[in-house]
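>
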Amino acid sequence: MNWPTPAASRISARDQHRQAWPGTASTTSLGDAGTVELSRETGQAVLDLRRDLIVDQAALRAAQTYIRDVSQRP
1 MNWPTPAASR
11 ISARDQHRQA
21 WPGTASTTSL
31 GDAGTVELSR
41 ETGQAVLDLR
51 RDLIVDQAAL
61 RAAQTYIRDV
71 SQRP
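FYI, in UniProt numbering the residues of the sequence shown are 1 to 74.
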């Protein structure tokens, strides 16, 4: 398996955790565990996936609201 080589610009997993999106909660604490660093490309892939999940959640909430509103009509 070819692992990505460390890039000059890295994104710290700890820093990403500190920049959590509003409305999200941490499920665990690592205390003072070592910092895991991702390559720029891997960090961007993680952020892209997170963005896509947030968009999907918003679409799901909108669909649920629409279904609830339509089902309550007389």
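Just so it is clear, CB atoms sit at the ideal spot from N, CA and C, and this is done for glycine as well.
Around the Cβ of L60, are there at least 16 other Cβ atoms within 10 angstroms (buried) or fewer (exposed)?
Counted from its first residue, the sequence shown places residue 60 at position 60. Classification of L60: exposed, given that the 10 Å Cβ count is below 16.
> Determine whether the beta carbon atoms of L38 and V46 lie at a separation below 8 Å.
For the purposes of this step, residue 38 is taken as residue 38 along the sequence shown, with counting starting at 1. For the purposes of this step, residue 46 is taken as residue 46 along the sequence shown, with counting starting at 1. Cβ atoms of L38 and V46: closer than 8 Å.
> V36 to L49, Cα distance in whole Å?
The residue given as residue 36 occupies position 36 in the sequence shown. The residue given as residue 49 occupies position 49 in the sequence shown. Approximately 18 Å, taken between the alpha carbons.
> Classify G34 as buried or exposed, calling it buried when 16 or more other Cβ atoms lie within 10 Å of its own Cβ.
Locating residue 34 in the sequence shown gives position 34, where the first residue counts as 1. G34 comes out exposed.
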